[in-house]
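For the sequence shown, our numbering assigns the number 20 to the initial residue and increments by one for each residue that follows. For each residue, glycine too, the CB sits at the ideal point set by N, CA and C. Inspection log for the structure reproduced underneath, given as structure tokens.
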Amino acid sequence: MQLPTKTTIERMRTARWYAALLALGSCGAPAREAAPAPTPVAEPAPPAAPQSSAATSATPIAAPAVASIWQDVPGTAYRFELVPIPGDVAAGIAPFWLGRTEVTWDAFDAWAYRLDEPADAPPASGPDAITRPTKPYLPPDRGFGHEGYAVISIAHKNASEFCRWLSHKSGRKFRLPTELEWEHACRAGASTRYSFGDDAAQLAQHAWFAGNSSGKAQRVGAKKPNAWGLYDMHGNVKEWCVGSDGLPVTRGGGWRDAPALLECAAREKQLPAWNASDPNVPKSPWWLSDGSYVGFRVLCEAP
20 MQLPTKTTIE RMRTARWYAA LLALGSCGAP AREAAPAPTP VAEPAPPAAP QSSAATSATP
80 IAAPAVASIW QDVPGTAYRF ELVPIPGDVA AGIAPFWLGR TEVTWDAFDA WAYRLDEPAD
140 APPASGPDAI TRPTKPYLPP DRGFGHEGYA VISIAHKNAS EFCRWLSHKS GRKFRLPTEL
200 EWEHACRAGA STRYSFGDDA AQLAQHAWFA GNSSGKAQRV GAKKPNAWGL YDMHGNVKEW
260 CVGSDGLPVT RGGGWRDAPA LLECAAREKQ LPAWNASDPN VPKSPWWLSD GSYVGFRVLC
320 EAP
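Okay, here's the thing in structure tokens:
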């Protein structure tokens, strides 16, 4: 009898992962029809992070044939979409879902202002209690826009606790992506500087950055998505991830950045300037008083 090859075994593993993805997509939140697609200073380039083996082709890989899932936000009528991302066996990346857009205030307000709880509910307590952010020093949206706009001025702890809260409420496992997962999703199979190629002159079609943002964050989903249907992976807001060392790092660049910081491999750790004007001692672990270009996107694991 002929033994299965290594390639056959890898394909069988991937097939089992996709089966798990489909199983999760059919439970939890009810099935829904897909919503219509959204209508459409400079800093030095940072050191590049290691690339996954998905970054071996100059041509983007077609989107996976697994369904998107929708997540209802407790305490609101809002829901958001998560896009299936294929795994990479060689790089050790399992398939997962990733928010089609950056997390917006529509979802975040439910967490920050306890819209999921009765008005007279007592504060959470105990070692496993999910804490909520303190009141920010300045209006966190900076007047850029609220409904449909990416959450900004947010510290890594705030983004992580939002994921923990949503996991508790939904029964799914939400978290921030690792750098490897984020770059794999951003590239969508491409090996070029950007998910759409190497030509920075095309960046304005795909991203909000220093050259076209008018000095502020913009509504999510207004630019072209990448090959896997993800919006704003380049620009608009820097997105919190977990580095290979387990420490916070941002990816993707933001509305105030030069093209180099929007490249797929670009990365940036938190700088003191992001929270310089916070008068608190110690400074808030929840908000970045000067980080109006820092947000996040959520990942949902397969069961």
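Comparing alpha-carbon positions, which option in the options lies nearest residue i?
i, options, result
"residue 319", "167, 171, 175, 179", "179"
"residue 286", "304, 306, 297, 258", "258"
"residue 153", "263, 166, 270, 177", "177"
"residue 215", "193, 238, 242", "242"
"residue 305", "98, 181, 284, 134", "181"
"residue 288", "295, 302, 260, 300", "260"
"residue 267", "175, 209, 298", "175"
"residue 185", "307, 301, 128, 165", "128"
"residue 165", "300, 123, 221", "123"
"residue 323", "113, 293, 99, 109", "The first residue shown for the chain is 20 and the last is 322, placing residue 323 beyond what the model contains."
Using 8 Å for Cβ pairs, my map puts residue i next to residue j. What's the rounded Cβ distance?
i, j, result
"residue 204", "residue 117", "5 Å"
"residue 213", "residue 256", "About 17 Å separates the two Cβ atoms, so there is no contact after all."
"residue 120", "residue 251", "6 Å"
"residue 102", "residue 126", "Residue 102 to residue 126, Cβ: 16 Å. No contact."
"residue 202", "residue 270", "7 Å"
"residue 173", "residue 160", "Incorrect: roughly 11 Å between the Cβ atoms, too far for contact."
"residue 315", "residue 157", "Residue 315 to residue 157, Cβ: 19 Å. No contact."
"residue 168", "residue 238", "6 Å"
Taking the beta strand (DSSP E) that residue i falls in, what are its first and last residues?
i, result
"residue 91", "88–91"
"residue 283", "It is not in any beta strand (DSSP E) - residue 283 carries neither H nor E in the DSSP assignment."
"residue 317", "No beta strand (DSSP E) holds residue 317; DSSP gives it neither H nor E."
"residue 269", "267–270"
"residue 261", "257–261"
Residues bridged to residue i by DSSP?
i, result
"residue 153", "Answer is none; residue 153 lacks a bridge partner."
"residue 123", "169"
"residue 103", "116"
"residue 227", "Beta-bridge pairing links residue 227 to no other residue."
"residue 238", "168"
"residue 161", "DSSP output for residue 161 lists no bridge partner at all."
"residue 85", "The partner list for residue 85 (beta bridge, DSSP) is empty, contrary to what the question assumes."
"residue 194", "318"
"residue 216", "213"
"residue 108", "The partner list for residue 108 (beta bridge, DSSP) is empty, contrary to what the question assumes."
Specify, as a first and last residue, the run of the alpha helix (DSSP H) that residue i falls within.
i, result
"residue 182", "175–189"
Look up residue i in the DSSP assignment and say whether it is helix, strand or coil.
i, result
"residue 96", "coil"
"residue 72", "Note that residue 72 has pLDDT 40, beneath the 50 cutoff, so the model's placement of it is unreliable and the number below is only indicative. Of the three classes helix, strand and coil, the one that applies to residue 72 here is coil, per DSSP."
"residue 204", "helix"
"residue 60", "Because the pLDDT of residue 60 is 40, which lies under 50, any placement of that residue in the model is unreliable, and the number read from its coordinates should be weighed accordingly. Coil, per DSSP."
"residue 222", "helix"
"residue 52", "Below a pLDDT of 50, predicted positions are generally treated as unreliable, and residue 52, at 40, falls in that range; the measurement from the model is reported next regardless. In this structure, residue 52 counts as coil in the three-state DSSP scheme."
"residue 209", "strand"
"residue 306", "strand"
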